[in-house]
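One structure is given here, and the rest of the page talks about it.
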Ligand SMILES: *Cc1c(COP(=O)(O)O)cnc(C)c1O
């Protein structure tokens, strides 16, 4: 067996650690930036009724027309711009990279940022270049300029707001990157529902700008739906590496229905933002180093005890994410997702006890 693995599996894959998802059963789940609110009862019923008649014996609509149409209504797209659907934005990242793999092509992203950029680059056999953020988590523009010039990356990924730091990079820095880059610049707006900022209005200005969004953080993580916005001609090329039926029948039917009720999700996002601000003030008042965030999570710099805090929080029934041991700028960091008011209050109580101990 190990001989087969040694001979056949690429060394860079053997070296990887599989993406680890901890068991969360019975725990308050504040580790993965999910929306904590289940669907309201009447919407659950409407969804059940719709799914009852879904044709699960048939392949889905290969283009996901109903989903695209529902999404398009929420956007003002320039002429000749289109949408590409992915099974989560994770799949879009994979499609982008798969389409760009060739000798000399590389991927660049600031670090720390969303880990999938680096991971998928490795899967695809693409060179990956991480450029460290500054200690305040802003872009280090002289390092970015130098790396772009040296590596001429085919793809640059910029999460806006950034995960796991929670901040939005300066708009003028993003524009400069779009201007100096000869490759695609993917602005990943996974946290757009919680941030007042978006680069949507820049689409016309930059043909190399691709905007990536997802319904995951909005409240539909289980449905797995992400979308890329960009010039139709570019998306038509990317579409060639898309699995023909990547968005399943149940997701297509659900999304088409649920997007008629965006008011519900927008209201939840508003509550989450209010909770985030209240939590931030409380945590700071407790003497903790909690960083401002434009997303639905807060980064806490608790110091070397971070792994111990993670374990103790888990014992008390709360699951958060420990980022310690990853990037040096994340030493001593925990990332906590903003949950319901009750969940947040419970977490704060536990953190208070830890801070005193
Ligand atoms: C969570 C997250 C995603 C992944 O979204 P899916 O659509 O669930 O695959 C993408 N980008 C960033 C920055 C994220 O934090």
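In the working numbering, the protein residues as written are 53 to 409. Don't be surprised by glycine CBs; every beta carbon is placed ideally from N, CA and C.
- Taking 6 Å as the cut-off, one finds at least one heavy atom of ligand 1 near enough to the beta carbon of residue 278.
- Around the CB of residue 85, 16 or more other CB atoms lie within 10 Å, so the residue is classed as buried.
- For residue 289, the closest alpha carbon among the candidates 204, 150, 251 is that of 150.
- In the three-state DSSP reduction, residue 88 falls in the coil class, being neither helix nor strand.
- Counting only residues whose CB is nearer than 5 Å to a non-hydrogen atom of ligand 1, the list in chain order is 140, 141, 142, 166, 211, 215, 240, 242, 266, 268, 278.
- Between residue 214 and residue 165 the beta-carbon gap is near 6 Å, inside 8 Å, which marks them as a contact.
- Residue 334: member of the alpha helix (DSSP H) spanning 314 to 337, first to last residue.
- When DSSP assignments are scanned along the stretch 160 to 224, the uninterrupted stretches of alpha helix (DSSP H) that are 4 or more residues long and fall wholly within it turn out to be 168 to 175, 193 to 203.
- Assignment of residue 240 by DSSP, reduced to helix, strand and coil, places it in the strand class.
- Residue 92 and residue 100 have their alpha carbons spaced roughly 12 Å apart.
- Rounded to the nearest whole angstrom, the C-alpha separation of residue 352 and residue 242 is 21 Å.
- Inter-segment contact for the stretch 369 to 381 and the stretch 292 to 307 is absent: fewer than three beta-carbon pairs are separated by less than 8 Å.
- Residue 339 sits away from residue 140, with the two beta carbons spaced by 7 Å or more.
- Counting C-beta pairs closer than 8 Å gives three or more between the stretch 323 to 332 and the stretch 384 to 392, which meets the contact rule.
- For the 7 Å CB-CB criterion, residue 293 and residue 262 do not form a contact.
- Between residue 264 and the set 258, 251, 257, the nearest pair of CA atoms involves 251.
- With contacts defined as CB atoms closer than 7 Å, residue 200 and residue 155 fail to qualify as a contacting pair.
- Leaving aside the five residues that flank residue 379 on each side, the residues in its chain whose CB is nearer than 7 Å to its CB run, in chain order, 163, 164.
- Checking the DSSP bridge columns, you'll see residue 349 partnered with 389.
- A direct Cα-to-Cα measurement between residue 143 and residue 269 gives close to 16 Å.
- Counted as a single uninterrupted DSSP element, the stretch harbouring residue 275 is not any alpha helix (DSSP H), since DSSP gives it neither H nor E.
- Sequence-distant Cβ neighbours of residue 203 in its own chain, meaning closer than 7 Å and more than five residues away, are 158, 160, 181.
- Shortest Cα-Cα distance from residue 266 to any of 73, 59, 145 involves 145.
- If you compare the alpha carbons of 366, 138, 90, 114 with that of residue 320, the shortest gap goes to 90.
- Apart from sequence neighbours up to five positions away, the residues of its chain that approach residue 313 with a beta-carbon distance below 8 Å are 95, ordered along the chain.
- With fewer than 16 neighbouring CB atoms inside 10 Å of its own CB, residue 257 falls in the exposed class.
- Residue range 133 to 138 is occupied by the beta strand (DSSP E) that includes residue 134.
- Residue 299 and residue 73 have their C-alpha atoms roughly 23 Å apart.
- Between residue 221 and residue 191, the C-beta gap is smaller than 7 Å, which places the two residues in contact.
- Taking C-beta atoms under 8 Å as the contact rule, residue 365 and residue 402 qualify, at a distance of about 6 Å.
- Distance between residue 381 and residue 406, taken at the CA atoms: about 22 Å.
- Exposed is the label assigned to residue 224, since fewer than 16 other Cβ atoms lie within 10 Å of its Cβ.
- Looking at 376, 174, 367, the one whose alpha-carbon comes closest to that of residue 358 is 376.
- Residue 345 counts as buried, since no fewer than 16 other beta carbons sit within 10 angstroms of its beta carbon.
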